[in-house]
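**Student:**
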Amino acid sequence: MTVRQRFLNPLVLAFIIRLIIMPLFYHPDIKSQHYHFQFLSQGYLNIYQFIDQNLPRLAYTDTFNYLPLTYFFFGAIQFLLRPFLPHDFFLWLNDWGVGANDYPNLYCFMFILKIPYLFFDFLTAFLILRLTNSPKAFRLWLFNPISLYVIYVLGNFDIVPVFFTCLSLYLVKKQRYSFSALSLGIAISLKAYPVLFLPFIILRPPYRLRLIFSYIFLATLPLLATIIPFLFGHHFLQSFTGSGLTQKIMEYRFLQLPLFPVLYFFILIHYLLTRPSSQYFHLSLVFLIFLSLVNFHPQWLIWFLPFQLVYIFTKPSLVYLHLPLYFLVFTYIFLTPDSFLFWGHLTAVDSQFINLTSPHSLLFYRFSLNPDLIRDLSHRAITLYSIFLASAYVQNRRRLP
Amino acid sequence: MFKIAAVFLSQLIFFTIILFLAPALFIRQRVYDLHEEAAVQLPLSPSSTYSRPIDVTTPNLNSISFFLKNPNLKNQQTLVLSVFNQSGVIRQSTFSGRNVGDPSWLTYKFDPISGSPSHLTVEISSLGQSVDSLYLLANKSGQPVYRLTHKSTDLRQSLNQSAANQTAKLGSLSRPFIVFYFIILITADLFLFVPINIKPQNKAVNRLKQPE
């Protein structure tokens with residue numbers, strides 16, 4: 086295969102697919118996030134305090150539940166995108182009433198707001214290429230349905246911390262450990278979940294405490310630098326107590342013990358005892374227990390995806406084994422009692438799509454089935470299939486070059 | 262040439278399906294909802310009647326819903342929902358208070374009323390004996406909150422409506438965006454087929470393994 090066939094054509098084809106998808110699909114998360122981001126350019130540095138003090142006057146009354154760096158980073162991006170956005174962008178952003186999405190320029194808003202995600206998506210693809218030295222893994226990332234759905238249909242910004250976690254692992258490969266910790270720290274400052282990867286990235290022989298603490302310090306430095314100005318006000322802490330992820334990973338318990346942290350701990354111990362094995366095998370196992378034991382939000386699926394792809398790409402059989410898992414995952418997502426997680430994605434095409442009967446309601450009203458039970462059963466099926474996949478991972482365990 | 266045409270055609274078909282066919286096939290009735298705040302509770306006592314004039318600009322009105330409240334779900338009175346025009350009653354049906362949740366929309370579906378624009382009056386009245394056990398939710402002005410749906414009678418009408426909606430929408434879309442978008446898309450499509458000389462002795466290429 087020529088270079089063009091192996092890289093350029095898949096890259097351009099992936100770009101075309103994204104170009105087509107970007108303007109057509111919508112989810113209210115992107116609107117609610119950018120609603121808050123707009124206040125940065127109005128001079129409000131403490132978004133938590135601003136929302137708390139102005140809630141009755143705001144068009145959208147939800148709190149800002151993300152970290153400060155998210156607000157500054159995407160607020161700045163929105164400011165940079167402003168010259169490219171149509172004149173009615175802020176009208177749409179502040180319209181949460183009747184006809185809130187009856188804007189012809191919604192296609193344009195969706196396309197332009199997702200351009201930064203496209204940038205980080207392709208950078209992540211190149212990082213995966215550099216991590217694996219394989220066009221196969223590169224193509225797996227470019228054409229997998231999970232990342233296409235999360236980034237361009239849901240329009241969620243999780244691809245940005247995903248990029249920084251991949252960069253962190255790439256820097257480990259290059260033996261730039263301090264920068265690796267710093268990159269992970271930036272990811273943690275955007276969204277807290279990369280804390281799950283911290284032990285797998287910073288713990289390596291020789292286990293010198295001084296080095297470990299220095300890496301922990303570097304990994305927490307961006308977070309500390311960005312949240313310290315807000316820690317002394319109750320507004321920030323109010324937004325953050327009862328984080329969705331923390332609650333959900335503690336949900337499933339056995340004999341009063343939360344299962345996910347316990348299994349995570351065992352996987353971490355196994356990783357430390359079997360060094361110098363690859364982190365990707367163990368992170369892929371963490372992904373499977375995460376899927377099984379957490380009532381995940383769809384956008385959370387992308388967090389582990391690069392590591393999983395890096396682990397499975399050399400075995401086509403392993404790749405195909407994931408297809409039933411993806412089917413079950415999408416079944417679980419589409420049975421969520423939320424119209425915006427099915428028909429509502431086509432709101433940009435016609436705002437009346439949101440009024441169509443969701444799969445959840447269809448099961449109840451048309452077939453007299455309990456949709457919550459079926460959703461629960463699909464999650465159980467994910468758990469069972471994840472156990473099967475975990476055994477397949479163990480059988481195919483290998484070391485990366 | 263054939264391959265480029267095939268790519269363009271496939272994209273055109275995809276856009277046609279998403280923009281025109283999907284709304285026509287799946288959106289068979291359109292909801293008209295003012296999203297008014299339910300600020301006032303009007304008691305539906307025996308022989309009470311509440312009405313609201315509406316201007317129907319879209320044909321084939323096929324349902325009207327009122328927002329009701331049935332505390333403790335104990336109400337059993339008979340409710341009458343009616344639609345009037347200048348001539349008199351054109352649609353009417355009775356419902357039991359047992360069908361009302363707390364709160365819930367009470368929907369009266371009927372054969373589509375053809376023709377628009379028209380001035381109609383929608384009315385809800387109570388024939389029951391219970392006093393103050395059912396409430397009609399109204400806006401700040403005391404007018405009942407309501408919701409309407411309009412049905413497309415056949416696929417052809419649905420397609421026409423979808424085409425009209427999308428054409429109007431695309432016509433209102435930012436011109437620079439449309440031009441920029443299609444230039445980028447067509448350029449990317451052409452890039453797939455335009456021959457490009459790439460020097461094989463590239464450092465990055467040399468670092469990569471050959472595929473299995």
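Sequence order for the protein chains is X and U.
Heads up, the first sequence is in the working numbering, so the first residue is 86 and it goes up one at a time.
Heads up, the second sequence is in the working numbering, so the first residue is 262 and it goes up one at a time.
Cβ coordinates follow ideal geometry from the N, Cα and C atoms, glycine included.
Source: prediction; values computed, not measured.
Do you know how far the Cα of X:G318 is from the Cα of X:N131?
**Tutor:** Those two C-alpha atoms are separated by around 10 angstroms.
**Student:** Would you please verify whether the beta carbon of U:L416 is less than 8 angstroms from any beta carbon of chain X?
**Tutor:** Output row for U:L416: interface = no.
**Student:** Which of the three DSSP states, helix, strand or coil, is assigned to U:K470?
**Tutor:** With a pLDDT of only 47 at U:K470, under the threshold of 50, the placement of this residue in the model should not be trusted; the figure read from the coordinates follows. DSSP places U:K470 in coil when its eight states are reduced to three.
**Student:** Below 7 angstroms on C-beta distance, what does U:H296 contact in chain X?
**Tutor:** By Cβ distance, chain X contributes G182, V183.
**Student:** What are the boundary residues of the alpha helix (DSSP H) that X:I213 is part of?
**Tutor:** 200-217 is the extent of the alpha helix (DSSP H) around X:I213.
**Student:** Quick one: which chain X residues come within Cβ less than 7 angstroms of U:K430?
**Tutor:** Per Cβ cutoff of 7 angstroms: P189.
**Student:** Go through its chain and collect everything with a Cβ distance to X:K259's Cβ below 6 angstroms, but skip five positions before and after it.
**Tutor:** Closer than 6 angstroms at Cβ, skipping near neighbours: no residue.
**Student:** Report all residues from its chain with a CB closer than 7 angstroms to the CB of X:L485; omit the five preceding and five following residues, and keep chain order.
**Tutor:** Legend: pLDDT at X:L485 = 42, less than 50; position of this residue unreliable, value from coordinates given subsequently. S363, Y365, listed in sequence order.
**Student:** Closest Cβ-Cβ distance between U:F438 and chain X: below 8 angstroms?
**Tutor:** For U:F438, the answer is yes, since a Cβ of chain X falls inside 8 angstroms of its Cβ.
**Student:** Do you know offhand how far X:P153's Cα is from U:A266's?
**Tutor:** Cα to Cα, the separation comes out at about 49 angstroms.
**Student:** Tell me, please, whether the CB atom of U:Y396 is closer than 8 angstroms to any CB atom in chain X?
**Tutor:** Not one chain X Cβ lies under 8 angstroms of U:Y396.
**Student:** In chain X, which residues lie with their C-beta within 8 angstroms of the C-beta of U:V455?
**Tutor:** Simply none; closest approach about 10 angstroms.
**Student:** Closest by CA to X:L353, which one among X:P284, X:A185, X:L390?
**Tutor:** Here the closest residue by C-alpha is X:P284.
**Student:** Scan the segment 404-432 of chain X for residues whose Cβ lies nearer than 8 angstroms to a Cβ of chain U and list them as they occur along the chain.
**Tutor:** Taking 8 angstroms as the Cβ-Cβ cut-off against chain U, the residues of the segment 404-432 of chain X that qualify are W428, L431.
**Student:** Taking only beta-carbon atoms, is X:D461 less than 8 angstroms away from chain U?
**Tutor:** No, no contact with chain U.
**Student:** Residues in the same chain with beta-carbon distance under 8 angstroms from X:F135, minus the five sequence neighbours each way, listed in chain order, please.
**Tutor:** Only F124, Y129 meet the Cβ criterion.
**Student:** Taking all protein chains shown into account, decide if X:E336 is buried (16 or more other Cβ within 10 angstroms of its Cβ) or exposed.
**Tutor:** Exposed, by the Cβ-count rule.
**Student:** Leaving aside the five residues before and after U:E473 along the sequence, list all residues of the same chain whose C-beta is less than 8 angstroms from its C-beta, in chain order.
**Tutor:** In this prediction, U:E473 scores a pLDDT of 40, lower than 50, which makes its location untrustworthy; the coordinate-derived value is nonetheless stated afterwards. Excluding sequence neighbours, U:E473 sits near nothing in its chain.
**Student:** Of the residues X:L406, X:I418, X:F196, X:P141, which one's Cα is nearest the Cα of X:I105?
**Tutor:** For X:I105, the nearest C-alpha among the options comes from X:F196.
**Student:** Is X:C251 close to chain U, meaning its C-beta is less than 8 angstroms from at least one C-beta of that chain?
**Tutor:** So, not an interface residue.
**Student:** Determine whether the beta carbon atoms of X:L448 and X:I439 lie at a separation below 8 angstroms.
**Tutor:** No, these two residues do not count as a Cβ contact at 8 angstroms.
**Student:** Tell me the residue span of the alpha helix (DSSP H) that contains U:I439.
**Tutor:** 436-452 is the span of the alpha helix (DSSP H), which, as asked, contains U:I439.
**Student:** Taking C-beta pairs closer than 8 angstroms, name the residues in chain X that U:D316 reaches, listed in chain order.
**Tutor:** Going along chain X, no residue has its Cβ under 8 angstroms from U:D316, so there is no contact; the nearest lies around 15 angstroms.
**Student:** For a contact defined as C-beta to C-beta under 9 angstroms, what are the partners of U:Q272 on chain X?
**Tutor:** Neighbours of U:Q272 on chain X, chain order: I101, I105.
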